[in-house]
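What follows is a single structure, written as structure tokens, with notes after it.
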Amino acid sequence: MPAARIENLERHYSIGDTIVRSLDGVSAEFGAGGFQAITGPSGSGKSTLLNILGCLDRPTGGKYWIGDLDVGNLDDDKLSAIRGARIGFVFQSFNLIPQLSIVENVEVPLFYQGWRPKGSRARAVKLLARVGLEHRLG
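Counting from -15, one number per residue, gives the positions in the sequence shown under this note's numbering.
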């Protein structure tokens, strides 16, 4: 079973009298434990797709599953819980808290997931090492 799957995903919105079809019938499967790239020219819907996959936005049509969970039928509280437990995001502008160290920034979502301070520090260090940023711990 794929980690996430989308079928005929659509995201349309209006700008004045114009309907913009940011996504129109996009289908894909995303496996667990690997890396995948979403590429395309500016304005092709990459950010829109990532916002939907990250449960930050909702599609206007189509289906989206995380595992066997139909994400399209969830209310905002359940989407928020999924974001906290199962989705990680690195935004283009980073959105880091400048007063915190890199490890403390990684610990923030762990706090909201209920991790204890000692365990969250070890987990944050492990996650930073996993993405090659352990040299930033200094």
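Every residue gets a Cβ at the ideal spot worked out from N, C-alpha and C, and that includes glycine.
The Cβ atoms of glutamate -6 and proline 43 sit closer than 9 Å to each other. Going by C-alpha positions, alanine -13 is about 11 Å away from leucine 37. Within 10 angstroms of the beta-carbon of leucine 84 lie fewer than 16 other beta-carbons, which makes it exposed. Apart from the 5 residues on each side of it in sequence, lysine 30 sits with its Cβ closer than 8 Å to the Cβ of Ile22, Thr23 and Gly24 in its chain, given in chain order. Looking from the CA of glycine 46, the closest CA among Glu(-9), Phe78, Pro93 and Asp61 belongs to Glu(-9).
Residue environment: leucine 33 is assigned as buried (16 or more neighbouring CB atoms within 10 Å of its CB, all protein chains considered). Taking the Cα of tyrosine 96 as reference, the smallest distance to any Cα among Ala65, Phe78, Ile81 and Arg114 is reached at Ala65.
A Cβ-Cβ distance of about 34 Å is found for the pair arginine 105 and tryptophan 49, leaving them out of contact under the 8 Å criterion.
Around glycine 15, the same chain offers Pro(-14) and Ala(-13) as residues with beta carbons nearer than 7 Å, after the five sequence neighbours per side are excluded. DSSP, read as helix, strand or coil, puts phenylalanine 95 in helix.
Straight-line spacing of the CA atoms in aspartate 59 and arginine 120 works out to 38 Å.
Between the beta-carbon of isoleucine 86 and that of leucine 112 there is about 7 Å, and that keeps the pair under the 8 Å contact cut.
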